[in-house]
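Presented below is the structure to which this report refers.
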Amino acid sequence: MVSYKDLGLVNSRELFKKAINGGYAIPAFNFNNMEQMQAIIQACVETKSPVILQVSSGARKYANQTILRYMAQGGVEYAKELGCQIPIVLHLDHGDTFELCKSCIEYGFSSVMIDGSSKPYDENVELTRKVVEYAHKYDVTVEGELGVLAGVEDDVKAESHTYTRPEEVEDFVSKTGVDSLAISIGTSHGAYKFKPGQKPEIRLDILHEIEKRIPGFPIVLHGSSSVPQDIVAEINHYGGHLKDSIGIPEDQLREAAKSAVCKINIDSDGRLAMTAAIRKVFVEHPEEFDPRKYLGPAREKLKELYKHKIYDVLGSNDKM
Ligand code: G3H
Ligand code: 13P
Ligand code: ZN
């Protein structure tokens, strides 16, 4: 067992308190590999933003649990080397079992999500409570979820949103003891969040209703990529085929970040940025076969995307 404290990581408790009081949200960026990790740390150091490094169960299988632990520790040391000791959280994204959450805690995670949102309410409460009980022994923070996002959440596929029911949140939070709550208000995972012709809009009214029921409690938004249309156009220009991909308008996320929403999850936009940069190199320099020649530009584009999110959407710059 390794404690996240020995790796130089922090849990999310203090960060969320400050974010709610300050009217901004902490970026939660997913990573699977070295270039993504470097881009996240560089962007957050340059903007002086705290950050949540997110690892999905798929990412954990892809990268290996031991390597991830050292990568997170490497991220902490890298930030110091760059001259800025930003607060870094290592968080399990969409944990689906108690065993996975426990294992992540044993491998140095400072925060875990237990996603029981697809289960009946009472089962979700029971599972979440069990994870909280274990995690809190090690001062690890826990995110729960109520309501189901449309799209694919790991193996769970929902055709349409089941919005979070504001009347359930108070009961859920008090019965489980969670530290933060992910809600469903119209965001969804991936690059196809709305159908063509549909108004891309999230239900800020439900968010405000939830806030009234649990004032000052940290709220999390998943599925918050904006699917930048210039990046989609670039991918398609260089041979990609992304059709009708639509995300959450950034001004709506900015609005949400001013409220009790203190963690905003962004993964797909980063995937799009990397893909655009790599495709460009492949088309313009077909003679290249050194991975550094295409992963380097991908890392640079990713860093620029993250800095834009921090400055223009989340408002977490200069908040370390
Ligand atoms: O919510 C899902 C995240 O974007 C992670 O995706 O399960 O493909 O790693 P993944
Ligand atoms: P996006 O697919 O919108 O980037 O959402 C990522 C996410 O919610 C990770 O948990
Ligand atoms: Zn998610």
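All letters in the sequence shown, in the order written, are residues 1024 to 1343 by my numbering.
From the three backbone atoms N, C-alpha and C, an ideal C-beta is built for every residue, glycine too.
None of the values given here were measured: they were computed from a predicted structure.
Which of helix, strand or coil DSSP assigns to residue i
i, result
"T1164", "strand"
"A1048", "coil"
"H1331", "helix"
"D1116", "strand"
"Q1221", "coil"
"G1064", "This sequence places Ile at residue 1064; Gly is not what is there. In this structure, I1064 counts as helix in the three-state DSSP scheme."
"S1183", "coil"
"V1025", "strand"
"S1291", "helix"
"I1043", "helix"
"I1301", "helix"
Span of the beta strand (DSSP E), counted from its first residue to its last, around residue i
i, result
"H1231", "Segment L1227 to R1236 is the alpha helix (DSSP H) holding H1231; no beta strand (DSSP E) there."
"V1135", "S1134 to I1137"
"V1074", "V1074 to S1079"
Range covered by the alpha helix (DSSP H) that runs through residue i
i, result
"N1259", "Q1252 to H1260"
"V1192", "P1189 to T1199"
"C1127", "F1121 to E1129"
For residue i: DSSP bridge partner residues
i, result
"I1242", "L1204 and V1284"
"D1267", "BP columns for D1267 are empty, so no partner."
"Y1093", "Answer is none; Y1093 lacks a bridge partner."
"L1169", "I1206"
"G1174", "A1181"
"N1053", "Q1077"
"S1247", "In the DSSP output, where bridge partners are listed per residue, S1247 has none listed."
"I1111", "V1074"
Proximal residues to residue i (C-beta, below 7 angstroms), its chain only, five neighbours per side dropped
i, result
"G1045", "K1342"
"I1254", "L1295, A1296 and A1299"
6 angstroms Cβ shell around residue i - same chain, five flanking residues per side excluded
i, result
"K1303", "Y1261"
"K1324", "A1296 and A1300"
"Y1101", "I1064"
"T1164", "N1034, S1035, R1036, S1134 and D1202"
Chain-order list of residues whose beta-carbon lies under 8 angstroms from that of residue i (same chain, five-residue window excluded)
i, result
"H1308", "K1316"
"T965", "What the structure shows of the chain is the stretch from 1024 to 1343, and residue 965 is not part of that stretch, so it cannot be assessed."
"C1107", "V1068, K1071 and M1343"
"A1158", "C1124, I1128, V1135, T1164 and V1165"
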